[in-house]
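S.K.: To start, I am sharing the structure in question, which I have written as structure tokens.
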Ligand code: DQA
């Protein structure tokens, strides 16, 4: 399976217009295209989804996880409080990378905490669109290590 799920939560459909100093200038489409290209170079296909609704994100995760190798998720503000999203991620049993365009550790104190972090193998924060390219690489490396250990055991 060579599909990576790329998931964006609330308000990320506004990228390109929404505070460029924090979130960069790329639209969500452009960001997804860039991430697709990075993933493709590493042998992965991106299946992408954005929603402003917690339940829609969970439904989509449940429908798509069984045909994917891993997840890259920018949960938006849901990452700070959605235990339902945390549970849904855990339930996929897939390696997940949490990405934030802005540096959540350098803003309001409530943003520094991520409730989905324990369901993720790593968090990339504050690197704008570069963070997504880094996330793809971390996930691809992780999947390579896992596959190698399966083959050698
Ligand atoms: C964000 C950070 C969140 O705190 C915020 O609610 C967002 C975007 C980011 O990409 O920096 O919507 O996830």
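In my numbering, the protein residues as written are 136 to 288.
All C-beta atoms in this analysis are idealised placements derived from N, C-alpha and C, irrespective of residue type, glycine included.
Hey, residue 207 and residue 271 are a contact pair by Cβ (cut 8 angstroms); roughly how many whole angstroms apart?
M.R.: Contact flag correct, Cβ pair sits at about 7 angstroms.
S.K.: Along the chain, where does the alpha helix (DSSP H) that runs through residue 277 open and close?
M.R.: Looking at the DSSP string, the run of the alpha helix (DSSP H) that includes residue 277 is 265-287.
S.K.: Quick one: is the Cβ of residue 236 within less than 7 angstroms of any heavy atom of the ligand DQA?
M.R.: True, at least one ligand heavy atom lies under 7 angstroms from that Cβ.
S.K.: Give the list of continuous alpha helix (DSSP H) stretches no shorter than 4 residues that lie fully inside the segment 201-262.
M.R.: You should have 218-227.
S.K.: According to the neighbour-count rule (16 or more other Cβ atoms, all chains shown, within 10 Å of its Cβ), is residue 275 buried or exposed?
M.R.: Residue 275 comes out buried.
S.K.: Does the distance between the C-beta of residue 187 and the nearest non-hydrogen atom of the ligand DQA fall short of 7 angstroms?
M.R.: False, no ligand heavy atom lies under 7 angstroms from that Cβ.
S.K.: For residue 221, which residues of its own chain have a beta-carbon under 8 angstroms away from its beta-carbon, when the five flanking residues on both sides are left out?
M.R.: The residues are 250, 251, 253, 254.
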